[in-house]
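Chains A and B supply the protein sequences, listed in that same order. So in our numbering, spot 145 of the first sequence is number 139, and the numbers just go up one at a time. Remember, our numbering sits 140 above the position in the second sequence when you count from 1. Glycine is no exception: its CB is placed at the ideal position from the N, C-alpha and C atoms. This one's a predicted model, so the numbers in the text were calculated from it and none came from an experiment. Below: the structure, in structure tokens.
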Amino acid sequence: MAISLTKGGNVNLSKEAPGLNKLLVGLGWDARATDGAAFDLDASAFLVKLDGKVRSDGDFCFFNNKVVAEGAVEHLGDNTTGIGEGDDEVIKVELAKIPADLDKVVFTVTIYDAETRKQNFGQVSRAYIRIVNEENGQEITRYDLSEDASIETAMIFGEIYRIGSDWKFKAVGQGFAGGLGPLAASFGVNV
Amino acid sequence: MPVLNANSLLLSKGRRLPLTDIFANYQVAARFQIGLSITGLSETVDFACFGLDAQQKLSDDRYMTFFNQPQTPCGAVSLAATAGDPAGFCCQLDKLPTRIDRLVFTAAIDGNGTMRQMQAGYLRLLLADTEMARFSFNGGDFADEKALMVGELYRKDGAWRFNAIGQGFNGGLAALVRHFGAEVTEEQAKPKPVENKVSLSKITLEKRGDKISLDKPKTANGYGRIVCNLNWSTYTPQKKSFFGGQTAGQPIDLDLGCLYELSDGTKHVVQALGNCFGDYGNLPYIHLAGDDRSGEVAEGEFLYINGSHFDRIRRICIYAFIYEGAVSWTQADAVVTVAVPGHPVIEVRLDSQGKNSNMCAIAMLENSQGALKLTKLNEYFSGHEKLDNHYQWGMKWRSGRK
């Protein structure tokens, strides 16, 4: 049974799934049921150091830069593999490959063209992030953040981070003003 | 009169927050009011409150609160106009059965208008006649929606929250009701009796060949936005017995389209078949919207003609054809309306028997020295080519499927 987290909650992935190395981070939301411009949501990942910044722009994993840190994190884009069924976007992480000078991987979702389309997360239903063990397909933890998202157009869904030799996942659910550009800049990416 | 409250919370679209953030020290036994308003539309706007279950469905019709059912059985929600608002509801949430998870406040236009035509609107929450929060919106926030989910109150982790939704459906109340998983009662398709009554709002052209010539436009906008509507669904927004278990027969798919000829001699077609949807802002200034294959969009199909550019149009032949389902026109029970802004709506009822003819020419719009001339045709053909020949359009045809 997967652990359901609320905002701010965390789980020790290494304890919940001993030997965990390859994991899938699934992000999802409901398609728009009402009439109007579709919601176009993009998932991204930032590999950051202890100070919360990327080493270089190459540590920003998104639709135009899908494989980063020599394959430690890979954006699978639209989920066409059948793995992690139901997720809208999937990001693959191999913990053993994450370079020692990187401390955490932050997962974000931004609404594309939110300003012109007058959209925000308050209009998006059932947004979630979940961590699945790729080896056995088991869901380890999940965070449903719809209620924690409101008038923001960019959201930090969650992050995985090192604690000694263990890895933990934290349900962040924090909104961010502005789109993907300003969000990336806040992680030290030159945009 | 409600007390003005300078500290009333302004809620923007998409905002979610606990009810306790709106009403300080809120208790579920407290009675509060929801006030609703939409102004600037010539049509009536009907407001309702839908009490939904945890699956967000209206599993119990009695929890739709509206003019014909002014109160839920439990008394938790009642229709009660708040002072100063066109519509309102009184809520006392502790009376609500636990299976009712969500109260969605909706607005639906009873007519042809769309939400973008409104001037302004709001949903506000009041306690003891004092406004505590307000979600304001205007026509610029919307497009062709005819029904809106304005806002909702919902349970989350044992507490009530509010969400300013501001989203809706072009299909109007019927689409909204369907979204909530309820059935809409539709009348059995039956031949309409000949209507002899005098209609103040519509001109009905009964005989073939009747003509109406509209005065030449006096403004720079020409005839404005000319709206042609083909509606074959017999759905009527009944004020009583809204829901029912009647199942529709085989879905009927009628298509609306037109042949057009521009002043420069260009000839073409606007119809769903072949994906010729036209363009409203550019040539041919004709746009087809809402191809509805199933008849589920209660308002049918719309063809918009940009009357500001009527000088570029020589003639338009509007037709309907049976794409799938209907055996005869009497079964389809179709009606076409043509609405020119500032003029009475012209209505053409397709009441003749078409013998093995799946296509019906409905009306001809002609530019007669700047004046719009409309002729009811009501002629039946076995296909596009026959129709084309009859009106001497002179285009080449091949078969297709959408």
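With burial defined as no fewer than 16 other Cβ atoms inside 10 Å of the residue's Cβ, what is the status of Val168(B): buried or exposed?
exposed
Proximity below 8 Å, CB of Thr179(B) to CB of Ala247(B)
no
So which of Thr160(B), Ser218(B), Lys516(B) has the shortest CA-CA distance to Gly298(B)?
Thr160(B)
Indicate whether Asp53(A) and Ser119(A) have their beta-carbon atoms separated by less than 8 Å.
no
Could you check which residue in Leu139(A), Val100(A), Gln117(A) has the C-alpha nearest to that of Ala108(A)?
Gln117(A)
What whole-angstrom Cβ distance do Phe277(B) and Lys153(B) have, given they're in contact under 8 Å?
7 Å
Could you name the residues of chain B that Lys60(A) contacts, counting a contact when the two beta carbons are closer than 7 Å?
Ordered by position in chain B, no residue passes the 7 Å Cβ test against Lys60(A), which lies about 30 Å from the chain.
Just mark Lys330(B) as buried or exposed, buried being the case when its beta carbon has 16 or more other beta carbons within 10 Å.
The predicted position of Lys330(B) is uncertain, since its pLDDT is 35 and thus under 50; no value can be drawn from it.
Would you check if the distance between the CB atom of Lys103(A) and the CB atom of Phe40(A) is smaller than 8 Å?
For clarity, residue 103(A) is Val in the given sequence; the question names Lys instead. No, they are not a contact pair.
Which residue or residues does DSSP assign as beta-bridge partners of Tyr262(B)?
Ser177(B), Ser276(B)
Host alpha helix (DSSP H) of His573(B) (start-end)
What is shown of chain B runs 141 to 542, which leaves residue 573(B) out entirely.
Is it the case that the Cβ atoms of Phe450(B) and Ala429(B) are separated by a distance below 8 Å?
no
May I ask which residues mark the beginning and end of the alpha helix (DSSP H) holding Val317(B)?
312 to 319
Return the residue from the list Glu153(A), Pro176(A), Ser159(A), Phe181(A) that minimises the CA-CA distance to Asn4(A).
Glu153(A)
Is Gly167(A) close to chain B? Criterion is C-beta to C-beta, closer than 8 Å.
no
Considering Cα atoms alone, identify which of Gly131(A), Gly13(A), Ser140(A), Asn59(A) is closest to Gln168(A).
Ser140(A)
Trp537(B) to Glu525(B) span [Cα, whole Å]:
6 Å
Which residues, taken in chain order from the stretch 128 to 151 of chain A, show a beta carbon closer than 7 Å to some beta carbon of chain B?
Glu141, Ser144, Ile145
Quick one: grab the DSSP three-state call for Pro158(B).
strand
Taking 8 Å as the threshold (beta carbon to beta carbon), is Gly308(B) in contact with chain A?
yes
At least one CB of chain A closer than 8 Å to the CB of His427(B): is that the case?
no
Within the same chain, show all residues whose beta-carbon is closer than 8 Å to that of Lys337(B), passing over the 5 residues directly before and after it, in chain order.
Here Lys337(B) scores only 28 on pLDDT, less than 50, and its place in the model should not be relied on; the value that follows carries that caveat. Excluding sequence neighbours, Lys337(B) sits near nothing in its chain.
Does the ligand GDP have a heavy atom nearer than 7 Å to the CB of Leu413(B)?
Of ligands this structure carries none, so the ligand GDP is not represented either.
Best match in Gly173(A), Asn15(A), Pro93(A) for proximity to Asn130(A) [C-alpha to C-alpha]
Asn15(A)
Spatially closest choice to Gly101(A) from Asp142(A), Met(-5)(A), Val84(A), by CA coordinates
Checking the sequence, you will find Phe at residue 101(A) rather than Gly. Measuring from the Cα of Phe101(A), the nearest candidate turns out to be Val84(A).
The stretch 390 to 409 of chain B: which residues have C-beta closer than 9 Å to a C-beta of chain A, in chain order?
none
If you draw a straight line from the C-alpha of Trp533(B) to the C-alpha of Cys457(B), how long is it?
10 Å
Under 8 Å between beta-carbons, which chain A residues line up against Gly154(B)? List them in chain order, please.
Gln113, Asn114, Phe115, Gly116, Gln117, Ser144, Ile145
Per the DSSP calculation, Ala247(B) is bridged to which residue(s)?
Phe187(B), Leu288(B)
8 Å is my cut-off, CB to CB: does Asp281(B) come that close to chain A?
yes
Reducing DSSP to helix, strand and coil, say where Gln168(A) ends up.
strand
When the distance is taken between beta carbons, is Arg301(B) closer than 8 Å to Pro213(B)?
no
Where Asp29(A) meets chain B, residues with beta-carbon distance less than 9 Å
Ala283, Asp284, Glu285, Gln307, Gly308, Phe309, Asn310, Gly311, Ala315
Look up Gln411(B) in the DSSP assignment and give the residues it is bridged to.
Cys416(B)
In whole angstroms, what separates the C-alpha of Ile105(A) from that of Gly172(A)?
10 Å
Tell me the DSSP secondary structure of Gln209(B) in three-state form.
strand
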